[in-house]
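Q: The structure's right below; bear with me while I get my questions together.
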DNA sequence: CCCATCGGCTTGACACTGTCAAGCGGACGG
DNA sequence: CCGTCCGCTTGACAGTGTCAAGCCGATGGG
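Given below as structure tokens:
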């Protein structure tokens, strides 16, 4: 309804289509049907717009985790991987502090809120961090095609399946 | 000596100072003391320049791994983490296919050559991939400050130490 | 020895970007 | 009914990547 929402929606669309680097404020404004300087009225600068989108992304990730019937570490890890591979551009943006206002309180709150779910599922912190790093790395390597190249898989669906399988293998191999 | 080498060196310097997004072909040309369009003569476009730098990065990573006395999975993982945290901007660029010519044969060769060292150290492929994803995720989370935020560590050296410790904890916990 | 050719580099231009300053216009309160 | 905001537009600026044309010196042939 409001111009701000239109701009956010347009930016989300541009993000899906062109990736975070392909987002131009002017293209977003054009898509939202406003003048090229309208975004300045709602977001201090480009980074502020991206930060708002990233914060939304963390909220969606948290919501996806909350939808789980049993929030075990294994289930959370699968949800994390699914989220990352379903919204690759959004996930990319969320973990790109150099392009965001990384100290924005709303962004930090949304991010910490998401990660707290991982923490709640493991009894010790080092297990939390190791598991987080594992699923995070899997998402990135799968998204960038590195996993598929090593394992000789072409279709994205196959790579996603491989990533999920590796996460399962990890939970089986890890001790206590 | 040659203009091409000067451009690559200037780009490396710009990369360290401003990150991959802050690299401007014109600034690189200025730094190398040539005209703003000189890069076009040696690199088809901006992505081609970045691709050449990324390929160099993979060669350096491979060299660091070859310097290891005993190329065990644990030692390779530490070397991977050290490389990523010592050259954060370079590492960032290397795994950013959207900004590179991802199908460039030289880049692919250099990349595969690096990763083959990980593969040689594990007896089964899924262990290779899991370990790779783990150290890769650790580098990214540590570099972006996410690890430090969770563990309440401010200094980069402390975060690097934490990442190394987590990698060690992983190798201890993982089964065969 | 001179001249022609050719490749590496420069110069100039274009469309596009993010950002800023000024100004318009309609809604809202006195 | 009038004045004052506030949201948005218009216009400008410096900076970007890329392309086209032209210069200029080294290289090779006559």
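Chains as they are written, first to last, in our numbering: chain A, 12 to 187; chain B, 12 to 187. Note that the Cβ used here is the ideal one computed from N, Cα and C, for glycine as well. Everything numeric in this text was worked out from a predicted model, so none of it was measured.
1. When you compare each of A:112, A:30 and A:66 to residue 155 of chain A by their alpha carbons, which one comes out closest?
2. Under a three-way DSSP split, which group does residue 37 of chain A fall into?
3. Does the CB of residue 125 of chain B have a neighbour CB from chain A at under 8 Å?
4. For residue 162 of chain A, which residues in the same chain have their Cβ closer than 7 Å to its Cβ, ignoring the five residues on either side in sequence?
5. With respect to 7 Å, is the separation between the Cβ of residue 69 of chain A and the closest non-hydrogen atom of the ligand FMN below this value?
6. Could you check which residue in A:21, A:93, A:58 and A:112 has the C-alpha nearest to that of residue 44 of chain A?
7. Judging by CA-CA distance, which residue of B:18, B:34, B:61 and B:108 is the nearest neighbour of residue 49 of chain B?
8. Using CA coordinates, which residue listed in A:140, A:138 and A:152 is at the minimum distance from residue 143 of chain B?
9. Assess, as a yes-or-no matter, whether the stretch 66-78 of chain B is touched by the stretch 119-138 of chain B under the definition of 3 or more beta carbon pairs within less than 8 Å.
10. Please report how far the alpha carbon of residue 114 of chain B lies from the alpha carbon of residue 111 of chain A, in whole angstroms.
11. Give a yes or no on whether 8 Å exceeds the smallest Cβ distance from residue 164 of chain B to chain A.
12. Quick one: what's got a C-beta closer than 7 Å to residue 101 of chain B's C-beta in the same chain, skipping five residues either side?
13. So the candidates are B:75, B:61 and B:132; which of them puts its Cα closest to the Cα of residue 15 of chain B?
14. Do the stretch 72-79 of chain A and the stretch 124-144 of chain B touch if we need at least three Cβ pairs shorter than 8 Å?
15. Can you list, in chain order, the residues of its chain with a C-beta nearer than 8 Å to that of residue 82 of chain B? Leave out the 5 residues immediately preceding and following it.
16. How big is the Cα-Cα spacing for residue 86 of chain B and residue 147 of chain A?
17. Use the C-beta contact count for residue 99 of chain B: other C-beta atoms within 10 angstroms, 16 or more gives buried, fewer gives exposed.
18. Determine whether the beta carbon atoms of residue 89 of chain A and residue 185 of chain B lie at a separation below 8 Å.
19. Whose CA, out of A:57, A:12 and A:42, lies closest to the CA of residue 32 of chain A?
A: Here's the rundown:
1. Taking the first chain and counting its residues from 1, the one referred to as residue 155 of chain A is at position 144. Checked all of A:112, A:30 and A:66; the closest Cα to residue 155 of chain A is A:30.
2. Walking along the first chain from the start, residue 37 of chain A turns up at place 26. In the structure shown, residue 37 of chain A sits in a helix (DSSP, three-state: H, G or I).
3. What you label residue 125 of chain B is simply residue 114 of the second chain in a count that begins at 1. It does not; no Cβ of chain A falls within 8 Å.
4. Within the first chain, the letter at position 151 stands for residue 162 of chain A. Excluding sequence neighbours, residue 162 of chain A sits near 173.
5. The model depicted lacks the ligand FMN and carries no ligand whatsoever.
6. Taking the first residue of the first chain as position 1, residue 44 of chain A is located at position 33. Out of A:21, A:93, A:58 and A:112, A:21 has the C-alpha closest to the C-alpha of residue 44 of chain A.
7. Position 38 of the second chain, counted from the first residue, corresponds to residue 49 of chain B. Among B:18, B:34, B:61 and B:108, the Cα nearest to that of residue 49 of chain B is on B:18.
8. The residue given as residue 143 of chain B occupies position 132 in the second chain. The option with the nearest alpha carbon to residue 143 of chain B is A:152.
9. yes
10. The sequence position of residue 114 of chain B within the second chain is 103, counting from 1. The sequence position of residue 111 of chain A within the first chain is 100, counting from 1. Cα to Cα, residue 114 of chain B sits roughly 29 Å from residue 111 of chain A.
11. Start at 1 with the first residue of the second chain, and residue 164 of chain B comes out as number 153. It does not; no Cβ of chain A falls within 8 Å.
12. Looking up residue 101 of chain B in the second chain gives position 90. Answer for residue 101 of chain B: 26 and 68, listed in chain order.
13. By 1-based counting over the second chain, the position of residue 15 of chain B is 4. Per the Cα distances, B:61.
14. no
15. What you label residue 82 of chain B is simply residue 71 of the second chain in a count that begins at 1. Taken in chain order, the residues that qualify are 76, 128, 131 and 132.
16. Sequence index remark: in the second chain, residue 86 of chain B carries index 75 (1-based). Sequence index remark: in the first chain, residue 147 of chain A carries index 136 (1-based). Cα to Cα, the separation comes out at about 21 Å.
17. Taking the first residue of the second chain as position 1, residue 99 of chain B is located at position 88. Answer is buried; the Cβ neighbour count reaches 16.
18. Mapped onto the first chain, residue 89 of chain A falls at position 78. Mapped onto the second chain, residue 185 of chain B falls at position 174. For residue 89 of chain A and residue 185 of chain B, no; Cβs fall outside 8 Å.
19. Position 21 of the first chain, counted from the first residue, corresponds to residue 32 of chain A. Among A:57, A:12 and A:42, the Cα nearest to that of residue 32 of chain A belongs to A:57.
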